[in-house]
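Numbering (our numbering), first residue to last: 19 to 442.
For every residue, glycine included, the Cβ atom is placed at its ideal position computed from N, Cα and C.
Note that the structure is predicted; figures quoted are calculated from it, not measured.
Working notes, structure below.
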Amino acid sequence: MATATVVIEEITALEILDSRGNPTVRVRVLASDGSEGVASVPSGASTGKREALELRDGDAKRYGGKGVLRAVANVTGEIAAHLNGRPVQDQAGLDAALIAVDGTPDKSRLGANAVLGVSLAAARCGAASARLPLYRYLGGVAGTLPVPMLNVLNGGKHAANNLDLQEFMLVPAGFDTFRDGLRAATEIYHTLAGVLRRRGLATGVGDEGGFAPDLENHAEALDLLVEAIGAAGYRPGEQVFLALDPASSEFYREGRYHLRAEGTKSAAEMVEMYAGWLERYPIILIEDGLAEEDWDGWVTLTASLGRKAQLVGDDIFVTNAGLLAEGIARGVGNAILIKPNQIGTLSETLRTMSVAEAAGYRTVVSHRSGETEDSLIADLAAGTGAGQIKTGAPCRSERVCKYNRLLELEAEGLVYAGKAAFGL
Ligand code: PGA
Ligand code: ZN
Numbered sequence: 019m020a021t022a023t024v025v026i027e028e029i030t031a032l033e034i035l036d037s038r039g040n041p042t043v044r045v046r047v048l049a050s051d052g053s054e055g056v057a058s059v060p061s062g063a064s065t066g067k068r069e070a071l072e073l074r075d076g077d078a079k080r081y082g083g084k085g086v087l088r089a090v091a092n093v094t095g096e097i098a099a100h101l102n103g104r105p106v107q108d109q110a111g112l113d114a115a116l117i118a119v120d121g122t123p124d125k126s127r128l129g130a131n132a133v134l135g136v137s138l139a140a141a142r143c144g145a146a147s148a149r150l151p152l153y154r155y156l157g158g159v160a161g162t163l164p165v166p167m168l169n170v171l172n173g174g175k176h177a178a179n180n181l182d183l184q185e186f187m188l189v190p191a192g193f194d195t196f197r198d199g200l201r202a203a204t205e206i207y208h209t210l211a212g213v214l215r216r217r218g219l220a221t222g223v224g225d226e227g228g229f230a231p232d233l234e235n236h237a238e239a240l241d242l243l244v245e246a247i248g249a250a251g252y253r254p255g256e257q258v259f260l261a262l263d264p265a266s267s268e269f270y271r272e273g274r275y276h277l278r279a280e281g282t283k284s285a286a287e288m289v290e291m292y293a294g295w296l297e298r299y300p301i302i303l304i305e306d307g308l309a310e311e312d313w314d315g316w317v318t319l320t321a322s323l324g325r326k327a328q329l330v331g332d333d334i335f336v337t338n339a340g341l342l343a344e345g346i347a348r349g350v351g352n353a354i355l356i357k358p359n360q361i362g363t364l365s366e367t368l369r370t371m372s373v374a375e376a377a378g379y380r381t382v383v384s385h386r387s388g389e390t391e392d393s394l395i396a397d398l399a400a401g402t403g404a405g406q407i408k409t410g411a412p413c414r415s416e417r418v419c420k421y422n423r424l425l426e427l428e429a430e431g432l433v434y435a436g437k438a439a440f441g442l
């Protein structure tokens, strides 16, 4: 006997806090079979200009204008009215309805925070209703555990120190299991704290849990990481690699890159600086090495260094399939950062990932600097076999909850991507 289609019965939403103490949206979707799904929306600081737009109240009396009560009201009002009664397991249909109801290309009318919250909570509810683990519901395949990229030194907009480059990451790709890779990176993180302390450098942390000391220049940050890897008993360039996210759109003005320690540089001089670092350090990935407006610079960067490292587009692609397709056609980068809240629905996120995959671009699933205790991106990375995830230092629970979820998935039998994710 055919069972009745499970439909959405109720959608509620709540204004909660993210890891920076700013309001964000949490959504709960309830289905006719009693299944429910809850999801919380993250928020970036070094955002790309063409990201979907989060709706903020602008009422200066509450949270300095950052309240999200209008987004919450859009979820429980207009969005719920359009989605109630629809099949909860039809994610593509739900997302298409969300896009249509909002009616803007950047989700600015109802708010990308409202739209994404519903899209993700519906996916969790759909998975519960289908009695599938979330990673399998999202990916539909056996699943792979991504290589974590742990941001252990923070700068740029994520810290108050003097580093212009935003992220210095440990990439423990050279291990057979996720847990051994995570353990190595975590031991190195603790060793790094000792290295900093002995030099009288600060060990307070930035927004993503990495240390945020003032340093002489950016090469010193790389030296400290290589020293910490060795001092923790691991082999740099064999077991543990480095990755950078300069987030260079933040220091790009009038066609030039303004670095306090290294001076003002053209795109070509930036590429030269990176090329020098690739020779001296075990760097296997550079994200946003050049700015989102600097498409010509990106073409040069990719032609020069694309065979030596993953060149990941974050601000320049903003998880947008159209921008990615343009980048693929022009030879911009060879990998893409995947942040669901940059585009606003799960289905669009998955579509961008398949455009990347079809072109041989690697995908890196990512958190935002403002996060919550929601670990959905861990399931997204594992389910889609993305190969890589970046979700901060092994410190602060909004970062660690994603790594802990991946440990659970490993205990369920998923296999680690390891060096293969980097073609090593
Ligand atoms: P954001 O930073 O979340 O502040 O944008 C993360 C990144 O640039 O990758
Ligand atoms: Zn980035």
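Check, Outcome
"Just list the residues that DSSP pairs Leu-262 with in beta bridges.", "Phe-186, Ile-304"
"Comparing alpha-carbon positions, which option in Arg-423, Phe-335, Leu-260 lies nearest Lys-437?", "Leu-260"
"Could you tell me the boundaries of the beta strand (DSSP E) in which Val-56 lies?", "54-58"
"Check whether the Cβ atoms of Ile-29 and Ala-49 lie closer than 7 Å to each other.", "no"
"Along the chain, where does the beta strand (DSSP E) that runs through Ile-356 open and close?", "353-356"
"Count the CB pairs spanning the stretch 259-275 and the stretch 179-191 that are closer than 8 Å, and state whether there are at least three.", "yes"
"Could I get the ranges of all uninterrupted beta strand (DSSP E) runs contained in the stretch 367-405, with 3 residues as the minimum, in chain order?", "380-384"
"At the level of alpha carbons, what is the spacing between Gly-273 and Gly-307?", "14 Å"
"Under three-state DSSP, which class holds Leu-168?", "strand"
"Within the present structure, is the beta-carbon of Asp-124 separated from the nearest heavy atom of the ligand PGA by less than 6 Å?", "no"
"Excluding the five sequence neighbours on either side, which residues of its own chain have a C-beta within less than 6 Å of the C-beta of Ser-372, listed in chain order?", "none"
"Please return the same chain residues whose Cβ sits closer than 7 Å to the Cβ of Thr-318, not counting the five positions on each side in sequence.", "Ala-285, Ala-286, Val-289"
"Quick check: what's the CA-CA separation for Asp-392 versus Leu-355?", "19 Å"
"Under DSSP, the beta strand (DSSP E) around Ala-447 begins and ends at which residues?", "Given that the chain is displayed from residue 19 to residue 442, the structure contains no residue 447 and the question cannot be resolved."
"Just checking Arg-414 against the ligand PGA - is the residue's beta carbon closer than 6 Å to any of the ligand's heavy atoms?", "no"
"Nearest to Glu-245 by CA position, among Tyr-434, Leu-214, Ala-78, is which residue?", "Leu-214"
"Would you please state the rounded distance, in angstroms, between the beta carbons of Tyr-434 and Thr-195? I believe it to be under 8 Å.", "5 Å"
"Take Cys-419 and list the residues in its own chain whose beta-carbon comes closer than 7 Å to its own, dropping the five residues that flank it on each side.", "Glu-391, Ser-393"
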